[in-house]
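Everything on this sheet refers to the single structure shown next.
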Amino acid sequence: MTYHKAVLLTECIEGLNIKPDGIYVDVTFGGGGHSREILKHLVDGKLFAFDRDDDVLENIPNDKKFKLIQTNYKNIKRFLRLEGITKIDGILADLGVSSHQFDVAERGFSFRFEAELDMRMNTSASLSARKVVNEYSEEDLVNLFFKYGEIRISRKVAELIVLARETKEIVTTTDLLEILDGVVPEKKKNQFLSQVFQSIRIEVNQEIESLEQMLIDGVGLLNVGGRFVVLSYHSLEDRLVKNIFKRGNLSGEIKKDF
1 MTYHKAVLLT
11 ECIEGLNIKP
21 DGIYVDVTFG
31 GGGHSREILK
41 HLVDGKLFAF
51 DRDDDVLENI
61 PNDKKFKLIQ
71 TNYKNIKRFL
81 RLEGITKIDG
91 ILADLGVSSH
101 QFDVAERGFS
111 FRFEAELDMR
121 MNTSASLSAR
131 KVVNEYSEED
141 LVNLFFKYGE
151 IRISRKVAEL
161 IVLARETKEI
171 VTTTDLLEIL
181 DGVVPEKKKN
191 QFLSQVFQSI
201 RIEVNQEIES
211 LEQMLIDGVG
221 LLNVGGRFVV
231 LSYHSLEDRL
241 VKNIFKRGNL
251 SGEIKKDF
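The sequence shown: position 73 = 73 (the numbering used here), numbered continuously.
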């Protein structure tokens, strides 16, 4: 399967300031591009990677210094402890959804393709996009569209969804697009639809709660002088990362590289 080229690869490696015998964690393994580059800089060190998507299994590098842990990265502290690891030298987090997940139509992440509403990063999870749009109360839908999509007409969007599902279940991405057709601003159509789909995806995968837990526990795992490299792509993630790093839970002073 095709994955995007690892983003800001050189900058991430420089930011981690990798020690040959250090212990590092890539909490967003995906296509494995960042992990493979980290491994090139390790001699006696160890790299643990986290990902809950089964599709990444084919990307595992054949390297004794590497281990993939298949779970949500919010569990970083508990699962590293099971490996006998209580302190690490660096963490890399490339946030958001991989281009691979968007490009595989049947995963239901993108409004570009006709597919069942799914959006689960872990395909064995019980909560799907289909369940969100068909079972959440109108008020819950209003809240998630406003909170996760920053959509000004969140109530109108929620009302249309609730009204439509009274007639028939909302099953596919096309079903949802047809419902939204009456409120989509023509000049900002793609942006609006992206915000709606982003809201549902974040809810399905509990992305903000998971990110917060990973950041807090990750900071606590770092050795003195350890590095935490985060790539964020939208304002919700960005604000959360900045707020947690500002308020600390760290001994010493936090220094930014870029």
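C-beta atoms are modelled at their ideal positions from N, C-alpha and C, and glycine is treated no differently. Bear in mind that the values here come from a model prediction, so they are computed numbers and not experimental data.
Is it right to say SER110 is buried, meaning 16 or more other beta carbons lie within 10 angstroms of its own, or is it exposed?
-> It counts as buried.
Nearest neighbour of ASP261, chosen from ILE208, PHE48, LEU68, GLY30 [CA to CA] = The question about residue 261 has no answer here: the residues shown for the chain are numbered 1 through 258.
Would you say ILE91 and VAL43 are within 8 Å of each other, going by their C-beta atoms?
-> Contact: no.
Identify, in the order they occur along the chain, each residue of the same chain with its Cβ nearer than 6 Å to the Cβ of LEU144, setting aside the five sequence neighbours on each side.
-> SER199, GLU203
Per DSSP, which one or two residues make a beta bridge with LEU231?
-> Per DSSP, the beta bridge partners of LEU231 are ASP94.
Whole angstroms is fine: what's the gap from GLY33's alpha carbon to GLU166's?
-> 45 Å
Could you give the DSSP three-state label for ALA158: helix, strand or coil?
-> helix
Beta-bridge partners of PHE66, as assigned by DSSP = LEU47
Between the CA atoms of ALA49 and ASN62 - distance to the nearest angstrom | Their backbone Cα atoms lie some 13 Å apart in a straight line.
Quick one: what's got a C-beta closer than 8 Å to LYS19's C-beta in the same chain, skipping five residues either side?
-> Only residues of its own chain outside the window of five on either side were considered, and among them GLY45, ASP89 have a CB closer than 8 Å to the CB of LYS19, listed in chain order.
Taking all protein chains shown into account, do 16 or more other C-beta atoms lie within 10 angstroms of the C-beta of ARG239, making it buried, or fewer, making it exposed?
-> exposed
Indicate the three-state DSSP secondary structure (helix, strand or coil) for TYR148 in the structure shown.
-> helix
Please state whether DSSP places THR173 in a helix, a strand or coil.
-> Helix.
In chain order, what residues of the same chain lie with their CB nearer than 7 Å to the CB of SER210, ignoring the 5 residues before and after it?
-> ASN72, TYR73, LYS74
Close Cβ partners of THR172 (< 7 Å) along its chain, the five nearest in sequence each way excluded = GLU114, ALA115, GLU116, LEU117
For LEU250, which three-state DSSP category applies?
-> Low per-residue confidence applies at LEU250: pLDDT is 48, beneath 50, and the placement is therefore not dependable enough to give any value.
GLY182 to SER126, Cα distance in whole Å?
-> In a straight line, the C-alpha of GLY182 is about 31 Å away from that of SER126.
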